[in-house]
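Line by line, the protein sequences are chains Y and X. Just so we're aligned, residue -19 is where the first sequence starts under the working numbering, counting upward by one. Just so we're aligned, residue 4 is where the second sequence starts under the working numbering, counting upward by one. From the three backbone atoms N, C-alpha and C, an ideal C-beta is built for every residue, glycine too.
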Amino acid sequence: MAAYAPSHFTAVLLFATFASIVFGITQRSAPKAMFRYGVYCWVLFVFSVIAGSWVMYFIKH
Amino acid sequence: MATRVETTASNVTAKPALFSLALLAGWLVPGLGHVQAKRPIRGAILFVTITLMFVLGLLMQGKLYVADPGDLLEMLGFVGDLGTGLLYLAARFADLGHGAVQVATADYGTKFIVVAGLLNFIAAIDAHNLRIGRKL
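Take a look at the structure:
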């Protein structure tokens, strides 16, 4: 089976995208609200990872 | 007397069902529950999303958990994996998902597979709620 080895950040982006799509569809009823909630979740996922990464960087240095 | 019986029967059918076909269909095939609940576009998006996440997890050489009652963490992972329904069974049948310890992103792959299963549980319950009218 072919292997796929994304960078850590690409893996984060993929994870955030998949989870946000499902959250958007399942947690809201109207299509517009689904889209907005999905984008909101995606931004929270990605920016919390970036913030956490910087926290770990400053702990190490 | 006959009227009273009819009223009782209508009350019983008005109660939300604890189980619906959409729940089972949505668990076995991601998105199928939404198709059954007459939301085919949502079903198609969920199918593509959850299946792609599961397949990418396997391509990243993630591990498929197996039932091991002696190992609690293994059992929790197994329950998560089982959420993908037939995808999990097909991957196990094809002897995939042995994991690769030496690949850094393989652990991410394992998490992708587990989370795909958990997301499918959420999607199946959403399909059930649509089917019984609890959600529009």
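Strictly below 7 angstroms CB to CB, what residues from chain Y border residue i?
| i | result |
| --- | --- |
| Lys138/X | Ser9 |
| Met56/X | Phe(-2) |
| Asp74/X | In chain order: nothing, as chain Y lies at least about 25 angstroms away. |
| Thr125/X | The amino acid occupying residue 125/X in the given sequence is Ile; Thr does not appear at that position. What Ile125/X touches in chain Y: Val2 and Thr6. |
Using 8 angstroms as the threshold, is the C-beta distance between residue i and residue j below it?
| i | j | result |
| --- | --- | --- |
| Gly29/X | Ala107/X | no |
| Ala103/X | Leu26/X | no |
| Gly112/X | Leu61/X | yes |
| Asp84/X | Glu77/X | no |
| Gly65/X | Ile116/X | yes |
| Ser23/X | Arg134/X | yes |
| Ala47/X | Gly36/X | no |
| Arg8/Y | Tyr17/Y | yes |
| Met63/X | Ala109/X | yes |
Determine the chain X residues that contact residue i at a beta-carbon separation under 7 angstroms, and present them in chain order.
| i | result |
| --- | --- |
| Ala(-9)/Y | Thr108 and Tyr111 |
| Ala(-17)/Y | Leu62 and Gln64 |
Mind pulling the chain Y residues with CB within less than 9 angstroms of residue i?
| i | result |
| --- | --- |
| Leu49/X | Ile1, Val2, Ile5 and Thr6 |
| Val118/X | Phe(-5), Phe(-2) and Ala(-1) |
May I ask you to report which of helix, strand or coil DSSP gives residue i?
| i | result |
| --- | --- |
| Lys41/X | coil |
| Lys40/Y | helix |
| Lys12/Y | helix |
| Val118/X | helix |
| Gly32/Y | helix |
| Thr6/Y | helix |
| Ser13/X | The predicted model places Ser13/X with a pLDDT of 44, which falls under 50 and marks its position as unreliable, so this point remains unresolved. |
| Leu139/X | coil |
| Val8/X | Low confidence applies to Val8/X: its pLDDT is 43, below 50, so where it sits in the model is not reliable, and the reading given next is rough at best. It is helical. |
| Asp1/X | What the structure shows of chain X is the stretch from 4 to 139, and residue 1/X is not part of that stretch, so it cannot be assessed. |
With DSSP as the reference, please indicate the residues paired to residue i in a beta bridge.
| i | result |
| --- | --- |
| Lys66/X | His101/X |
Any heavy atom of the ligand NAD inside 7 angstroms of the beta-carbon of residue i?
| i | result |
| --- | --- |
| His37/X | The ligand content of the structure shown is nil, which means the ligand NAD is not present either. |
### Query
Is the region 49 to 58 of chain X close to the region -5 to 11 of chain Y, with three or more CB pairs under 8 angstroms?
yes
#### Entry: Validate contact between the region 35 to 42 of chain X and the region 56 to 74 of chain X using beta carbons, cut 8 angstroms, 3 pairs
In short, these stretches do not touch, since the Cβ pair count stays below three.
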